[in-house]
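Visitor:
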Amino acid sequence: MKKRKNRINRISIFLDEVGLDQLELAKLLKVTNDTVSRWCRNATQPSLKSLSKIAELGHIDIRALLEPTEWDDNPSPIEIYLENKAKKELEDKKLAKQQIKKSK
Numbered sequence: 001m002k003k004r005k006n007r008i009n010r011i012s013i014f015l016d017e018v019g020l021d022q023l024e025l026a027k028l029l030k031v032t033n034d035t036v037s038r039w040c041r042n043a044t045q046p047s048l049k050s051l052s053k054i055a056e057l058g059h060i061d062i063r064a065l066l067e068p069t070e071w072d073d074n075p076s077p078i079e080i081y082l083e084n085k086a087k088k089e090l091e092d093k094k095l096a097k098q099q100i101k102k103s104k
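Quick note on the UniProt record's numbering: the sequence shown kicks off at 1 and runs consecutively.
1. Short check: CB of residue 33 to CB of residue 22, under 8 Å?
2. Using C-beta distances below 8 Å, list every residue in its chain close to residue 91, excluding the 5 sequence neighbours before and after it, in chain order.
3. Under 8 Å between the Cβ atoms of residue 28 and residue 57?
4. With DSSP as the reference, identify every bridge partner of residue 9, one or two as the case may be.
5. Apart from the five residues on each side of it in sequence, which residues of its chain come closer than 8 Å, Cβ to Cβ, to residue 68?
6. So which of 73, 12, 60, 30 has the shortest CA-CA distance to residue 41?
7. Return the first residue and the last residue of the alpha helix (DSSP H) that residue 39 is part of.
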């Protein structure tokens with residue numbers, strides 16, 4: 001599994017694209033400039049409500065404010081877990097059948 005980059009949101013890129021600075025966005029959202037600065041550095045992440053407001057201000061899809069995720073072709077941890085679970089269940093059924101045969 002490929003590790004994610006430290007960058008999760010694209011707010012600083014959005015600001016460059018629309019021609020706003022951090023202070024202007026902070027005023028529009030009624031948050032502090034420090035808050036927007038932390039978002040732009042990806043030190044903290046905005047709430048979904050804040051992301052929604054930013055998307056609304058720019059008339060953009062909220063997904064445009066997030067970094068796309070890219071994973072390699074290896075199975076995900078969930079896929080591995082489910083595969084192991086299925087194998088164990090199959091083994092348990094085989095053991096149960098063997099025990100039934102032995103008891104007859």
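Glycine included, every Cβ here is placed at the ideal spot set by N, Cα and C.
Guide: In short:
1. yes
2. none
3. yes
4. 66
5. none
6. 12
7. 33-40
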